[in-house]
Amino acid sequence: MPRTAPGRALPVVQGLLCGIFAAAATPTALLAAALLTPSIGIWLLEREPGRPVARCMALCGMAAAAFPLATLWGTGHRLETTLALLADPATVALAWAAQGGGWLLAEMLPLLLSAVSTLQAAARVRALQAARARLEEEWGIPPANPETPTGAMPSGTAPVQT
Amino acid sequence: MAANRTMPQSTSAPATAPSLGFLNPSGSPALLESLDAFCSIDFTAPQAESGGGIAYAARPHRAGQGGLQAICIQPEAPPRAAAMAALAGLAEPGLLAPLACGPAAGPNGAVGWYVICPAPPGPPLWDGSGVPGQPWSEADLITRVLRPAAAALVALERRRVTHRAIRPNNLFLSAPMGPVVLGEAWSAPPASRQPAVLEPPYVSMCPPSARGEGGIADDVYALGAVLLALFLGRMPMAGLPGTQVILRKLDSGCFQAMTDGVRLPPLLGDLLAAMLADDPQRRPPPALLADPAAARARRVAKRPQRRASQPLLVGETPVWNDRMLAYAMARAPQDGMRLLRLGVADHWVRRALGDATLAARLEDAARHHAADAASGEGAQLALCGAIAHLDPLAPLCWDGLALWPDGLGPLLAGLDPQDPALPRVAAMVAAEASTAWAACRPGQPAPPPPRLDARAQRTLLQDRGWTGGLPRLRYALNPLLACRSKLVQGMAVRLVDVVLAMEATAGAASGPTALPADPELVAFLAARQHGRPGPGLAALGPGTPPEELALTLLRVLAPLQGAGAPPAPHLAAWLARTAGGGWDAWHNRALRALKQQQASAAAASGRLAALLPVFDDTAGRRADEAAYQAALAEAARIDAALRALTDPVSLPGSGMRTLARDVAGAVALALLAVCAVAAAAG
Numbered sequence: 088m089p090r091t092a093p094g095r096a097l098p099v100v101q102g103l104l105c106g107i108f109a110a111a112a113t114p115t116a117l118l119a120a121a122l123l124t125p126s127i128g129i130w131l132l133e134r135e136p137g138r139p140v141a142r143c144m145a146l147c148g149m150a151a152a153a154f155p156l157a158t159l160w161g162t163g164h165r166l167e168t169t170l171a172l173l174a175d176p177a178t179v180a181l182a183w184a185a186q187g188g189g190w191l192l193a194e195m196l197p198l199l200l201s202a203v204s205t206l207q208a209a210a211r212v213r214a215l216q217a218a219r220a221r222l223e224e225e226w227g228i229p230p231a232n233p234e235t236p237t238g239a240m241p242s243g244t245a246p247v248q249t
Numbered sequence: 027m028a029a030n031r032t033m034p035q036s037t038s039a040p041a042t043a044p045s046l047g048f049l050n051p052s053g054s055p056a057l058l059e060s061l062d063a064f065c066s067i068d069f070t071a072p073q074a075e076s077g078g079g080i081a082y083a084a085r086p087h088r089a090g091q092g093g094l095q096a097i098c099i100q101p102e103a104p105p106r107a108a109a110m111a112a113l114a115g116l117a118e119p120g121l122l123a124p125l126a127c128g129p130a131a132g133p134n135g136a137v138g139w140y141v142i143c144p145a146p147p148g149p150p151l152w153d154g155s156g157v158p159g160q161p162w163s164e165a166d167l168i169t170r171v172l173r174p175a176a177a178a179l180v181a182l183e184r185r186r187v188t189h190r191a192i193r194p195n196n197l198f199l200s201a202p203m204g205p206v207v208l209g210e211a212w213s214a215p216p217a218s219r220q221p222a223v224l225e226p227p228y229v230s231m232c233p234p235s236a237r238g239e240g241g242i243a244d245d246v247y248a249l250g251a252v253l254l255a256l257f258l259g260r261m262p263m264a265g266l267p268g269t270q271v272i273l274r275k276l277d278s279g280c281f282q283a284m285t286d287g288v289r290l291p292p293l294l295g296d297l298l299a300a301m302l303a304d305d306p307q308r309r310p311p312p313a314l315l316a317d318p319a320a321a322r323a324r325r326v327a328k329r330p331q332r333r334a335s336q337p338l339l340v341g342e343t344p345v346w347n348d349r350m351l352a353y354a355m356a357r358a359p360q361d362g363m364r365l366l367r368l369g370v371a372d373h374w375v376r377r378a379l380g381d382a383t384l385a386a387r388l389e390d391a392a393r394h395h396a397a398d399a400a401s402g403e404g405a406q407l408a409l410c411g412a413i414a415h416l417d418p419l420a421p422l423c424w425d426g427l428a429l430w431p432d433g434l435g436p437l438l439a440g441l442d443p444q445d446p447a448l449p450r451v452a453a454m455v456a457a458e459a460s461t462a463w464a465a466c467r468p469g470q471p472a473p474p475p476p477r478l479d480a481r482a483q484r485t486l487l488q489d490r491g492w493t494g495g496l497p498r499l500r501y502a503l504n505p506l507l508a509c510r511s512k513l514v515q516g517m518a519v520r521l522v523d524v525v526l527a528m529e530a531t532a533g534a535a536s537g538p539t540a541l542p543a544d545p546e547l548v549a550f551l552a553a554r555q556h557g558r559p560g561p562g563l564a565a566l567g568p569g570t571p572p573e574e575l576a577l578t579l580l581r582v583l584a585p586l587q588g589a590g591a592p593p594a595p596h597l598a599a600w601l602a603r604t605a606g607g608g609w610d611a612w613h614n615r616a617l618r619a620l621k622q623q624q625a626s627a628a629a630a631s632g633r634l635a636a637l638l639p640v641f642d643d644t645a646g647r648r649a650d651e652a653a654y655q656a657a658l659a660e661a662a663r664i665d666a667a668l669r670a671l672t673d674p675v676s677l678p679g680s681g682m683r684t685l686a687r688d689v690a691g692a693v694a695l696a697l698l699a700v701c702a703v704a705a706a707a708g
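So the sequence lines, in the order shown, correspond to chains A and B.
So the first sequence is residues 88 to 249, counted in my numbering.
So the second sequence is residues 27 to 708, counted in my numbering.
And the structure:
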């Protein structure tokens, strides 16, 4: 009997659990799958360890899906209710927009923090260069090693590549 | 007995070591800062009859004084500082005592040093051309020459000073039939102008500058020789070279050699026999000569002179007695050492002279230094000791040189730097030969001590750097010798002269082209500083940086420029320029600029004392150096911080991205929680 590799066991288990969940709670599974479609797609496409973008999108999508799920569960958990909810464009748009917001949050927050850090580093470099220039002027200390860039922005403070 | 060569050393300081007061211009009337305040010197023409030196007529500024003469001091012949110090203020009618000594602007405007003394009262007994005069009668000799000269010698002896310049052209008639007056003898080393015939052989065998102060007995000898010359109307042994004069005196005795069978009057003959005695201790003292009859009656038993039946050849010279052998060995040291090493000398002394004791001493002297004879120094010490044993009256003889120990200073002053005798003199000092020589002549009175004993001389000689060696020794032994550095152009005799002399050099049209110090000047400064020179001077040498050299010189010269002294702007600028090479030692640029500004202002004022603190600021330099080191550390810290900010390895990029994604996840999770709670609540 062929043995399954350890790294592939988890998706199999996850798929099995999802199947069991879909069979046991079909209205909920259908509604969640429909509302979280963008997150599921990103989840399948993202290759970064831990899938942070998909995770952030899923959490935002689940936040938007909380009210439709509550409606479903409060009305007897029927498939008709699921279809009625999915037929409401506002419900689907809200869930998908929330996931879009999650995507924006996951992509823009690193850029924002990097920009803040770059500005702080540049100010620090300027202060240090001014202090060294004063020392050179006052004490005749030779200029720093030319290999050390003192007039340009630190290269490491460039925008973060995703 | 007082009338011997030991006279000056029988008491302490004055005769041999001039007091500091004499060297201090304000401490003694004998040494002046400038003769212009004392007299006016007529430089139009030298005086024809001055007694030997180049002299000019001088007129005193004070009324009541008679005519004066200014005798020029030659650079290679330093004056007798100790004698002038001892005779300051002496009023002796039979003597031209020194009145002052100091610098004056000479015929060409060049500053020279002069000894001022009274002008001769009349013509000399003989003029300087060597043409003899008419023979003198015995009565005239005793009345007009012997008694007044003896009285002058008594006055000198009382002050522990010798004259050492008694010769016919330096004895002056005070009146047509009056007594004689002893001429000046202070402007040159003692006996340096005396002919060989007028001096004892143990003096004339030395170079003119190395004859030492001697004793009053040497003056008695010279006076006796002058009496004989005046009686004969000619110079005894005229025409003979000095070596032959000495050999004849050593062979047959001075009196016999000088008189050469001439019949003398009984009184004069007895006096001259005593005055021309070979042994200084057998000559009558000057006080006794004042009464010729008493001096005649004083007869001292004379040791019979041994003479060999067969001569011994030393080189080309046949010798007949121990004294001639000593002199021949002194003149030909290589032959002497060979005779000593082969045992020929002691064999000849034992067999030909019959003196077994002296022969044994010669053997001992040769054996004593046989162990290190190969080094040269041991052989010379052996020869020196052998000569002293052979003739205890002889001077110190070393490698062909003969000198009295206190004549070492003038001898060094008279030698050129390239003179071949200089290495021999250095070897003699290094071997402390004078100590060994004195130990080989027991029973003989010690000669006048030099200004420095043998050990001190050796210490100075072996001192490395510019404060040691023969230049230092030369200046230490000659307190009135002018500095020979080109930087002072012969115008500095005392420390206080250095500033003005260097100012003149610095202000010359060509301007100074060399460093402001050289070995001669440093040796001069070290010798003239009382006590040991400071560590700054002692540290100077060929490798000293110019700025350190200038700073050291500034430290020495600044105290010498008194408050009332004229400013020396050229010298100050010279020193500031040279010391300014060390501006780089000041790191703080603002402080350096301030110091340069202060130095320029101080140099313009010409006050070295104002310039000194600008450069001699050890505390400021130390603080500047400490601050500089702190600045370097701060710069290193800044460089490290800049490198850390620009180092790609240490950049927080990926961490920052992960953190941002985690924050985003947390925000989303919080939103989910809020919505879940809100949905559950309905």
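Beta carbons are placed, not taken as given, at the ideal position from N, Cα and C, and that holds for glycine.
Proximity of residue i and residue j at Cβ, strictly below 8 angstroms
{"i": "A:Leu123", "j": "A:Ala152", "result": "yes"}
{"i": "B:Leu316", "j": "B:Ala176", "result": "With the sequence shown as reference, residue 316 of chain B is identified as Ala, and Leu is not the correct amino acid for it. In contact: B:Ala316 and B:Ala176 (Cβ atoms closer than 8 angstroms)."}
{"i": "B:Pro421", "j": "B:Met231", "result": "yes"}
{"i": "B:Ala710", "j": "B:Ala84", "result": "Outside the shown range of chain B, which is 27 to 708, sits residue 710 of chain B, and nothing can be said about it."}
{"i": "B:Pro174", "j": "B:Pro194", "result": "no"}
{"i": "B:Leu179", "j": "B:Asp277", "result": "no"}
{"i": "B:Ala584", "j": "B:Ala527", "result": "no"}
Contact list for residue i against chain A, beta-carbon separation under 8 angstroms
{"i": "B:Ala705", "result": "Ala153, Phe154, Leu156 and Ala157"}
{"i": "B:Met682", "result": "Pro197, Leu200, Ser201, Ser204 and Val247"}
{"i": "B:Cys127", "result": "None at all; the shortest Cβ gap to chain A is about 54 angstroms."}
Residue-level contact to chain B via CB, residue i, 8 angstroms cutoff
{"i": "A:Val212", "result": "yes"}
{"i": "A:Arg165", "result": "no"}
{"i": "A:Ser242", "result": "Because the pLDDT at A:Ser242 is just 41, under 50, the model does not fix this residue reliably, and the value given afterwards should be weighed accordingly. A:Ser242 counts as touching chain B."}
{"i": "A:Leu146", "result": "yes"}
{"i": "A:Leu181", "result": "no"}
{"i": "A:Thr235", "result": "The predicted position of A:Thr235 is uncertain, since its pLDDT is 49 and thus under 50; a value taken from the coordinates is nonetheless stated next. Chain B contact via Cβ: present."}
{"i": "A:Leu192", "result": "yes"}
{"i": "A:Pro125", "result": "no"}
{"i": "A:Ala174", "result": "no"}
Per-residue contacts from residue i into chain B (C-beta, under 7 angstroms)
{"i": "A:Ile228", "result": "Ala657, Leu658 and Ala661"}
{"i": "A:Ala184", "result": "In chain order: nothing, as chain B lies at least about 13 angstroms away."}
Listed by chain order, chain A residues near residue i by CB distance under 7 angstroms
{"i": "B:Cys98", "result": "By Cβ distance, chain A contributes nothing, its closest Cβ being about 56 angstroms from B:Cys98, past 7 angstroms."}
{"i": "B:Ala686", "result": "Leu196, Pro197 and Leu200"}
Min CB distance residue i to chain A below 8 angstroms
{"i": "B:Leu620", "result": "no"}
{"i": "B:Asp523", "result": "no"}
{"i": "B:Ala667", "result": "yes"}
{"i": "B:Cys509", "result": "no"}
{"i": "B:Ala114", "result": "no"}
{"i": "B:Ala611", "result": "no"}
{"i": "B:Pro55", "result": "Low local confidence applies: a pLDDT of 40 at B:Pro55 is under 50, so the model's placement there is unreliable, and no value is given."}
{"i": "B:Ala565", "result": "no"}
{"i": "B:Ser45", "result": "Residue placement at B:Ser45 is flagged as unreliable, the pLDDT there being 32, under the threshold of 50; the coordinate-derived value follows with that caveat. No, because no Cβ of chain A sits closer than 8 angstroms to the Cβ of B:Ser45."}
Interface residues of chain B facing residue i [CB-CB closer than 9 angstroms]
{"i": "A:Glu133", "result": "Residues of chain B passing the Cβ test: none, with the nearest at roughly 11 angstroms."}
Neighbour list for residue i in chain B, Cβ cutoff strictly below 8 angstroms
{"i": "A:Gly189", "result": "Ala690 and Ala694"}
Beta-carbon separation (whole angstroms), residue i vs residue j, contact threshold 8 angstroms
{"i": "A:Leu156", "j": "A:Thr113", "result": "That belief does not hold up - the Cβ atoms of A:Leu156 and A:Thr113 are roughly 14 angstroms apart, past 8 angstroms."}
{"i": "B:Ala625", "j": "B:Leu637", "result": "7 angstroms"}
{"i": "B:Ala248", "j": "B:Leu224", "result": "5 angstroms"}
{"i": "A:Cys143", "j": "B:Gly691", "result": "5 angstroms"}
{"i": "B:Ala508", "j": "B:Pro101", "result": "6 angstroms"}
Neighbour list for residue i in chain A, Cβ cutoff strictly below 9 angstroms
{"i": "B:Arg615", "result": "Glu224, Glu225, Trp226 and Gly227"}
CB contact check: residue i to chain C, cutoff 8 angstroms
{"i": "B:Ile664", "result": "Protein chains A and B are contained in the structure displayed, whereas chain C is not."}
Residues, ordered as in the chain, of the stretch 197-222 of chain A that lie near chain B by beta-carbon distance below 7 angstroms | Pro197, Leu200, Ser201, Ser204, Ala208, Arg211, Val212, Leu215, Ala218, Arg219 and Leu222
Cβ-based contacts, 9 angstroms cut-off: residues of the stretch 95-120 of chain A near chain B = none
Near-chain A residues of the stretch 57-87 of chain B - C-beta to any C-beta below 7 angstroms | none
Residues in the stretch 643-654 of chain B with C-beta within 9 angstroms of chain A's C-beta atoms, listed in sequence order?
-> Ala653 and Tyr654
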